[in-house]
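In the working numbering, the protein residues as written are 16 to 359.
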């Protein structure tokens, strides 16, 4: 632990010098599986609010795969958790006199990232388990540029949030004070985005901090619209527009359970149970009642396909849509999931 603290101080000071030189519950149980994380944007408003830890950087990621986490790294803290998923091959520096030294701000109705550098990017959705991504540096710069060039808006239309399978991006940012900030960008579809910021909190993983505007107002989150930013994001994750059509051509399956790092390969018999379940009568839904079980499939043509199933088997989420499977068609699948991960 003493060695870990020494590394922490060394990395923090080094980063500071460099920057200065650059100037599980589902529908059936009637539970709330994650109420705070799943609030729709219409429940938020751009209302004023009142208002660190650095960490050693794991070895550089060499692709999209997650890194093995050192057991000494405390992933209960936001920055350490996102670094454990995987950091960028090359840090992306944002600098300039117009940027605040430490915080995200709004100037002339546009979001402005602080002075500093992007260390990591993690993305998740209802259909996909959170993982680190390593897009080309030029694309990361382009993505941030289009976010910063988009005018902020008062809110996201209600009809957008009801139809979109939202995508959550977490940008791990080291500011010029050597402090980590986690910039959350939620894509609600049709080019609409919600941006919020958190800092490390040793007791509660992370703590939300306000975004200050040049008008003097402070916001919990801001909203903007950029079709280009959404397009870039979907290209990064290889967003799948096929929806339920792909259920018919699944050849092999790997299951990851929320909160677990291991993957389970389905046997032929388990795959048969899954396919029978996926043939059940389905109804479209606006949002899932859970997405604890993540499936990554290989199709007959060799392509990938992602979806999730809630703990009670009543919700299926693909990139494109959410579906509901009613009792008793869900029960055999629930029994299989319990058998595969009895502690989930």
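By construction, the Cβ of each residue, glycine as well, lies at the ideal position given by its N, Cα and C atoms.
Extent of the continuous beta strand (DSSP E) run through residue i
i           : result
residue 314 : 308–314
residue 155 : Here residue 155 belongs to no beta strand (DSSP E); instead the alpha helix (DSSP H) covers 152–164.
residue 108 : 107–109
residue 335 : Note, residue 335: premise wrong, no beta strand (DSSP E); not H, not E.
residue 323 : 319–324
residue 268 : 265–272
residue 280 : 278–280
residue 125 : 125–127
residue 171 : Taken as a continuous stretch (DSSP letters only), residue 171 belongs to no beta strand (DSSP E), as it is neither H nor E.
residue 142 : Where residue 142 is concerned, there is no enclosing beta strand (DSSP E), given that its DSSP letter is neither H nor E.
residue 122 : 120–122
residue 300 : 298–300
Length of the line joining the Cα atoms of residue i and residue j
i           : j           : result
residue 43  : residue 300 : Bear in mind that the predicted position of residue 43 carries a pLDDT of just 39, short of 50, making it unreliable; the figure below should be weighed with that in mind. Roughly 15 Å separates the two Cα atoms.
residue 318 : residue 110 : 40 Å
residue 285 : residue 146 : 25 Å
residue 230 : residue 182 : 30 Å
residue 163 : residue 325 : 36 Å
residue 350 : residue 138 : 30 Å
residue 6   : residue 188 : Given that the chain is displayed from residue 16 to residue 359, the structure contains no residue 6 and the question cannot be resolved.
residue 133 : residue 346 : 44 Å
Residues of its chain near residue i, where Cβ-Cβ distance is below 7 Å and the 5 sequence neighbours each way are ignored
i           : result
residue 363 : Coverage of the chain is limited to positions 16 through 359, which leaves residue 363 absent and any answer about it impossible.
residue 262 : 293
residue 271 : 144, 278 and 309
residue 237 : 61, 121, 126, 167, 210 and 226
For residue i, the first and last residue of its enclosing alpha helix (DSSP H)
i           : result
residue 250 : 242–252
residue 285 : 283–293
residue 354 : 346–355
residue 100 : 93–100
Residues near residue i by beta carbon distance below 6 Å, same chain, minus five either side
i           : result
residue 117 : 129, 190 and 192
residue 273 : 307
residue 179 : 203 and 204
residue 142 : 321, 322, 323, 332, 333 and 334
residue 175 : 203, 204, 205 and 207
>> Extract the residue ranges of the beta strand (DSSP E) inside the segment 183–248, only unbroken runs of 3 or more that lie entirely within it.
In response: 195–204, 207–216, 220–224, 226–228 and 237–240
> Are the segment 139–154 and the segment 162–174 touching, with three or more C-beta to C-beta distances below 8 Å?
Replying inline: no
> When the Cβ atoms of the segment 237–254 are set against those of the segment 336–344, are three or more pairs found closer than 8 Å?
Replying inline: no
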